[in-house]
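Position 146 of the sequence shown, counting from 1, maps to 146 under UniProt numbering, and the rest follow consecutively.
Even for Gly, the Cβ is constructed at its ideal location relative to N, Cα and C.
What you are looking at is a predicted structure, and each value in this text was computed from that prediction instead of being measured.
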Amino acid sequence: MNKEKCFIGEYRYSVDDKGRTMFPAHYRCDTGSPYVLTKGMDRCLYLFDDRVWTSIIERFYGDLIPVSSDNRAFVRILFSGAATVELDKIGRISIPQHLREYASLDKEVVFAGALTHLEIWDVHIWDTYRSKAEKVFEQNIGALQAR
C-alpha cells in the first residue's frame, strides 16, 4: 500500500442547507479525478478515491460473483447507493440527499480516516461510536503489545 495515499486523521466541518461540506485539504487531488461516495457500515458513508474504487470494482468482478442472496444484497446496496462527487472551486463536495438521510447527517460532519478511504459521520453519531470503540481499541492494543 502506498503510504502517501493512506487516509488518516479526523476532520470536522459544517454542512450547509444544500448538503455541501468542505473536503479535507490534505486529501484534495490535483488530478481532478472524482471521488465515489457510498453507504458504509454503522450508518456512515465511505468515500473512495478513483484508484481505490476501481480496485473494488475489479475485485467484485473477479471474486464476488453475486450468486448467493447475501452477495447480491451487498452488491446492490453498495453500488446502487453510490454517487460520484467532485470538488467545487473552493474545495467542497456535495453529499446527495439519499446518502445524507442514510447516515443521518445534519449540520456537522466528521471525516474519519480509515486507511483506504475516508468515512463521513454525523458528529453526534461519531462521538458516541468513538467512545465505545476506544474501549475495544484499548483492549486490542494491550493484546498486541503482549505479543
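Residue i classed as buried or exposed, judged by whether at least 16 other C-beta atoms fall within 10 angstroms
i      : result
ALA103 : buried
ASN2   : Residue placement at ASN2 cannot be trusted, given a pLDDT of 47 that sits under 50; the coordinates are not used to answer.
GLU138 : exposed
GLU58  : exposed
VAL110 : buried
GLY142 : exposed
TYR61  : exposed
VAL36  : buried
ASP70  : exposed
ILE90  : exposed
VAL136 : exposed
THR128 : exposed
VAL15  : buried
ILE56  : buried
Cβ shell of residue i (< 6 Å), same chain only, five flanking positions each side left out
i      : result
ARG43  : ALA103
ARG20  : ARG92 and SER94
PRO24  : TYR11 and PHE111
GLU108 : SER14 and VAL123
ASP50  : SER33
Those residues which DSSP pairs with residue i across a bridge
i     : result
TYR13 : VAL109
PHE60 : None, per the DSSP bridge assignment.
ASP49 : TYR35
THR21 : VAL15 and ILE93
Cut-off 7 Å between Cβ atoms - residues of its own chain near residue i, not counting five sequence neighbours on either side
i      : result
GLU134 : none
ALA114 : PHE7
Cβ shell of residue i (< 8 Å), same chain only, five flanking positions each side left out
i     : result
HIS18 : Note that residue 18 corresponds to Lys in the displayed sequence, not to His. Correct list, in chain order: SER94.
Tell me the start and end of each unbroken beta strand (DSSP E) in the stretch 65 to 136 that is at least 3 residues and wholly inside, in chain order. Counting whole runs of 3 or more residues, the stretch 65 to 136 contains the beta strand (DSSP E) stretches 83 to 85, 92 to 94, 108 to 113 and 118 to 122.
Contact the stretch 109 to 125 vs the stretch 44 to 52: 3+ CB pairs below 8 Å: As far as the Cβ criterion goes, the stretch 109 to 125 touches the stretch 44 to 52, which means the pair count is three or higher.
Could you check whether the stretch 70 to 83 touches the stretch 6 to 20, counting it as contact only if at least three pairs of C-beta atoms, one from each stretch, sit closer than 8 Å? The stretch 70 to 83 makes no contact with the stretch 6 to 20; the number of CB pairs closer than 8 Å stays below 3.
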